[in-house]
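Trainee: Using the working numbering, read the sequence shown as starting at 1 and increasing by one per residue. Just so you know, even glycine gets a beta-carbon here, dropped at the ideal spot from N, CA and C.
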Amino acid sequence: MTQIALSSLYQQLILEHYRKPRNKGRLPAATVVVHMNNPVCGDDIQLYLAVDAEQRVTAATFLGHGCSISQASVSMMTVRLKGKTLAEGLALAERFTEMMHGSKEAARDRTLGELRALQGVSKFPVRIKCALLGFDALQEAAKRVRGQAEEAAGSQ
Ligand code: ZN
1 MTQIALSSLY QQLILEHYRK PRNKGRLPAA TVVVHMNNPV CGDDIQLYLA
51 VDAEQRVTAA TFLGHGCSIS QASVSMMTVR LKGKTLAEGL ALAERFTEMM
101 HGSKEAARDR TLGELRALQG VSKFPVRIKC ALLGFDALQE AAKRVRGQAE
151 EAAGSQ
């Protein structure tokens, strides 16, 4: 596939997630909820995760508004997260961040799934923050879950 055909395919995938976001809505069963915003662009995300005792993400949803990059990114992220452990989620966040910083190797990593459609964003430094917003929320959520686990262990 030519470079141009591929980038227009990616463009369509981003718009598709923006118009019909996956897993959008409140999650009553959430065990951790994180709010993140990006004032530079006006993006706003509320991430809901249900994490079980084995630190596996059993459900992931979000609420939010903002540019197509931020909303498509978090929509794609929730799809990838379901059924993964938080550690695997963090590895995904790391890989995605590498891709955003221009890593060609990360951009070829199939574990990123549809998130690879966002690789072109790496050429626009002001938009990178938009693409990373959902993952920032994920990293904060993982930190809080770890904190809760340590607290629970300490009180026993
Ligand atoms: Zn944005």
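Answer yes or no: do L49 and V74 have a C-beta to C-beta separation smaller than 8 Å?
Mentor: Not a contact, by the Cβ cut-off of 8 Å.
Trainee: With DSSP as the reference, label T58 as helix, strand or coil.
Mentor: In the structure shown, T58 sits in a strand (DSSP, three-state: E or B).
Trainee: Hey, would you say S68 sits closer than 8 Å to C41, going by beta carbons?
Mentor: Against a cut-off of 8 Å, the Cβ pair of C41 and S68 comes out as no contact.
Trainee: Scan the segment 52-136 and note each continuous beta strand (DSSP E) run of 3 residues or more that stays entirely inside, going in chain order.
Mentor: Runs of the beta strand (DSSP E) inside the segment 52-136: 57-65.
Trainee: Skipping 5 residues on each side, what residues in its chain have a beta carbon closer than 6 Å to that of A142?
Mentor: L86, L90.
Trainee: Since I45 contacts A117 with CB under 8 Å, what's their CB separation in whole angstroms?
Mentor: That pair is no contact at about 18 Å.
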